[in-house]
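In my numbering, the protein residues as written are 66 to 347.
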């Protein structure tokens, strides 16, 4: 996600001889350990009218400078969903994680953005830390409880307006507690549901809301080929795909990704994280 800048400077002084003897040879200079630079600030969008939270959906599809075609990049994003009241289900054995999918993305070298709930990070802190310290990934905010920010929204419980910004802050706190470092100031509304009230209420959180233009259809799907076809049919240069990183709610995602990645690469696509997709195109 970031470019590390070498900060160490080689220093040293030659030891001069005395008493008329020849100077002793200077010892070889040993570079000091370089301190890693702070991560570059991820790109964000300027606030909307009256300070509303801005919303990003995809990179514009227009061609680049000098008439060059739009760059064939695509962002695969994965929602790590877990609502605040699903602890008993996790305790009884239901799996809201998908380590096999994460391992596959690593093997295929697919940079990805994981939109994680704070409750998920609390349930799987070791995985949250592993994802959030791997430069292949970046963690974005999917709220703490995965409750809806507008209604109706797929039957989700609804967050009160006064608690919306706190939902975001609480999730960021959970990521820090887990030890995640590669965290970006992006937010995805649970269910993708929002309205003007939510955009105003989230303004103090200073995040950019991130939606999508390609729906994978992997939620509760069991046909991996159908999911893959839906993604492959929808992707265009600059697309942002929404998928899920929960075994219980999206059991076909890993198999779908096994097909999606090589086929898109064969078409000339390069995979990027949302932070790179949000950067200005060529």
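Ideal placement from N, C-alpha and C gives every residue a C-beta, glycine not left out.
Helix, strand or coil at residue i [DSSP, three-state]
i: residue 147; result: coil
i: residue 327; result: helix
i: residue 335; result: strand
i: residue 99; result: Since pLDDT at residue 99 reaches only 37, below the 50 mark, its modelled position is unreliable, and the value read off the structure follows with that caveat. In the structure shown, residue 99 sits in coil (DSSP, three-state: anything other than H, G, I, E or B).
i: residue 171; result: helix
i: residue 134; result: coil
i: residue 262; result: helix
i: residue 88; result: Confidence in residue 88 is poor, its pLDDT being 40 and thus under 50, which makes the residue's placement unreliable; the coordinate value appears in the next sentence. DSSP places residue 88 in coil when its eight states are reduced to three.
i: residue 94; result: Legend: pLDDT at residue 94 = 40, less than 50; position of this residue unreliable, value from coordinates given subsequently. Reduced to three states, the DSSP call for residue 94 is coil.
i: residue 160; result: coil
i: residue 187; result: helix
i: residue 286; result: coil
i: residue 165; result: helix
Residue i and residue j closer than 8 Å at C-beta
i: residue 264; j: residue 230; result: no
i: residue 206; j: residue 237; result: yes
i: residue 306; j: residue 135; result: no
i: residue 317; j: residue 287; result: yes
i: residue 247; j: residue 197; result: yes
i: residue 209; j: residue 239; result: yes
i: residue 343; j: residue 142; result: no
i: residue 211; j: residue 148; result: yes
i: residue 105; j: residue 278; result: no
i: residue 282; j: residue 295; result: yes
i: residue 150; j: residue 253; result: no
i: residue 323; j: residue 169; result: yes
Residue i - containing alpha helix (DSSP H), residue span
i: residue 267; result: From DSSP, residue 267 is part of no alpha helix (DSSP H); its letter is neither H nor E.
i: residue 240; result: 229-243
i: residue 340; result: 339-342
i: residue 195; result: 190-197
i: residue 248; result: It is not in any alpha helix (DSSP H) - residue 248 instead sits in the beta strand (DSSP E) that spans 248-252.
i: residue 290; result: 289-299
i: residue 119; result: It is not in any alpha helix (DSSP H) - residue 119 carries neither H nor E in the DSSP assignment.
i: residue 111; result: Counting along the chain, residue 111 falls outside any alpha helix (DSSP H), and DSSP gives it neither H nor E.
i: residue 316; result: Taken as a continuous stretch (DSSP letters only), residue 316 belongs to no alpha helix (DSSP H), as it is neither H nor E.
i: residue 256; result: It is not in any alpha helix (DSSP H) - residue 256 carries neither H nor E in the DSSP assignment.
Residue i versus residue j - alpha carbon distance
i: residue 338; j: residue 179; result: 9 Å
i: residue 256; j: residue 331; result: 31 Å
i: residue 166; j: residue 199; result: 15 Å
i: residue 275; j: residue 250; result: 10 Å
i: residue 273; j: residue 107; result: 11 Å
i: residue 126; j: residue 175; result: 22 Å
i: residue 228; j: residue 153; result: 24 Å
i: residue 192; j: residue 243; result: 9 Å
i: residue 155; j: residue 241; result: 22 Å
i: residue 190; j: residue 163; result: 13 Å
i: residue 218; j: residue 224; result: 11 Å
i: residue 311; j: residue 116; result: 34 Å
i: residue 113; j: residue 120; result: 8 Å
i: residue 177; j: residue 137; result: 16 Å
i: residue 285; j: residue 216; result: 21 Å
i: residue 259; j: residue 270; result: 15 Å
Identified DSSP bridge partners for residue i
i: residue 203; result: 178
i: residue 142; result: 178 and 307
i: residue 213; result: 223
i: residue 279; result: 306
Segment limits, beta strand (DSSP E) that includes residue i
i: residue 272; result: From DSSP, residue 272 is part of no beta strand (DSSP E); its letter is neither H nor E.
8 Å Cβ cutoff, residue i in contact with chain D
i: residue 233; result: Any reference to chain D falls outside this structure, which holds one protein chain only.
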